[in-house]
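As structure tokens, the structure follows; a few thoughts come after it.
Residue numbers (my numbering), protein chains in the order written: chain A, 82 to 196; chain B, 7 to 121.
Okay, structure coming up:
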């Protein structure tokens, strides 16, 4: 199993550009999450989804959008990129609590720089 | 919302010594407490977790303790090895099957094990 796959691994954007960070998982997990990681700040939740067609905001959703059309895919869209969105982005997935093994499986991250 | 504090931010130990990382949480409803290890350039990986109905859990050289009354939990690594060097994150959440269990992370502890 590949687990959680994120693409691209690195990207440089100019201010005002848009892009989509891709995330796909092959573990049949219902729950998926997007976090951003800034140096010394831990991980902050951007958006999450409990199943196809259902998404909800996390702690820092401004400037981002998500969609969940399938169980496997959970893309994160950045519109009008700003320097404050320079960060490392992690996608994660998990089983429904009470079903299967617990804990998140994280992807390897996308390092985004906005200049 | 939940606030997770983690200490220390950096920790240096000699190979073979023990390492202890401590976290406190603010929401008494939190009932799931995982620990993640993040190696350079990789996503966090679950190493151990504990639920609020258990006071201690051990897995080989790693143990986690939970004090619900004081709202703090700790990670203990014994007989440390250089490969234990990494950033460790604690997290807390409320497991709820209808809303996912979005994790609230501490800011991380950078552990260095010197030979």
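Even glycine gets a Cβ: it sits at the ideal position worked out from N, Cα and C.
For the beta strand (DSSP E) that contains residue i, what are its first and last residues?
| i | result |
| --- | --- |
| residue 40(B) | 38 to 44 |
| residue 119(A) | First-last for residue 119(A): undefined, no H or E at that position. |
| residue 92(B) | 92 to 98 |
| residue 69(B) | 68 to 73 |
| residue 114(B) | Taken as a continuous stretch (DSSP letters only), residue 114(B) belongs to no beta strand (DSSP E), as it is neither H nor E. |
| residue 129(A) | 124 to 132 |
| residue 92(A) | 91 to 94 |
| residue 151(A) | First-last for residue 151(A): undefined, no H or E at that position. |
| residue 168(A) | 168 to 175 |
| residue 62(B) | 62 to 65 |
| residue 102(A) | 100 to 106 |
| residue 6(B) | Coverage of chain B is limited to positions 7 through 121, which leaves residue 6(B) absent and any answer about it impossible. |
From the beta carbon of residue i, is the nearest beta carbon of chain A less than 8 Å away?
| i | result |
| --- | --- |
| residue 65(B) | no |
| residue 22(B) | no |
| residue 17(B) | no |
| residue 46(B) | no |
| residue 113(B) | yes |
| residue 81(B) | no |
| residue 40(B) | yes |
| residue 117(B) | no |
| residue 108(B) | yes |
Give a yes or no on whether the minimum CB-CB distance between residue i and chain B is below 8 Å.
| i | result |
| --- | --- |
| residue 187(A) | yes |
| residue 170(A) | no |
Apply the 10 Å Cβ neighbour rule to residue i and answer buried if 16 or more other Cβ atoms are within range, or exposed otherwise.
| i | result |
| --- | --- |
| residue 113(B) | buried |
| residue 14(B) | exposed |
| residue 39(B) | buried |
| residue 67(B) | exposed |
| residue 70(B) | buried |
| residue 120(A) | exposed |
| residue 111(B) | buried |
| residue 50(B) | buried |
| residue 105(A) | buried |
| residue 118(A) | buried |
| residue 108(B) | buried |
| residue 18(B) | exposed |
| residue 91(A) | exposed |
| residue 83(A) | exposed |
Should residue i be counted as a contact of the ligand ADP given a C-beta to heavy atom distance under 7 Å?
| i | result |
| --- | --- |
| residue 58(B) | This structure lacks the ligand ADP, and indeed carries no ligand of any kind. |
- Of all the residues that make up the segment 50 to 74 of chain B, which are near chain A by a beta-carbon distance shorter than 8 Å? Those would be 50, 51, 52, 55, in chain order.
- Query: For the segment 85 to 108 of chain A, which residues have a CB atom closer than 7 Å to at least one CB atom of chain B, in sequence order?
  - Reply: Listed by position, the residues of the segment 85 to 108 of chain A near chain B (Cβ gap below 7 Å) amount to none.
- Check whether the segment 154 to 167 of chain A touches the segment 16 to 27 of chain B, taking contact to mean three or more Cβ pairs, one atom from each stretch, closer than 8 Å. Under the Cβ criterion (8 Å, minimum of three pairs), the segment 154 to 167 of chain A does not count as touching the segment 16 to 27 of chain B.
- Pair every Cβ in the segment 101 to 115 of chain A with every Cβ in the segment 145 to 163 of chain A, then say whether three or more of these pairs are closer than 8 Å. By the Cβ rule, the segment 101 to 115 of chain A counts as touching the segment 145 to 163 of chain A, because three or more pairs are nearer than 8 Å.
- Residues within the segment 121 to 153 of chain A neighbouring chain B, beta-carbon criterion of under 9 Å: Result list: 121, 122, 123, 124, 125, 126, 129, 130, 131, 137, 139, 140.
- Item | Three or more C-beta pairs below 8 Å linking the segment 30 to 50 of chain B and the segment 86 to 103 of chain B | The segment 30 to 50 of chain B vs the segment 86 to 103 of chain B: in contact.
- Spell out a yes or no on whether the segment 41 to 56 of chain B and the segment 88 to 95 of chain B are touching, meaning 3 or more CB-CB pairs, one atom from each, closer than 8 Å. The count of Cβ pairs closer than 8 Å, one atom from the segment 41 to 56 of chain B and one from the segment 88 to 95 of chain B, reaches three, so the stretches are in contact.
- Task: Take every Cβ of the segment 126 to 141 of chain A, pair it with every Cβ of the segment 93 to 101 of chain A, and state whether three or more of those distances are shorter than 8 Å.
- Result: Because the criterion of three Cβ pairs below 8 Å is not met, the segment 126 to 141 of chain A and the segment 93 to 101 of chain A do not touch.
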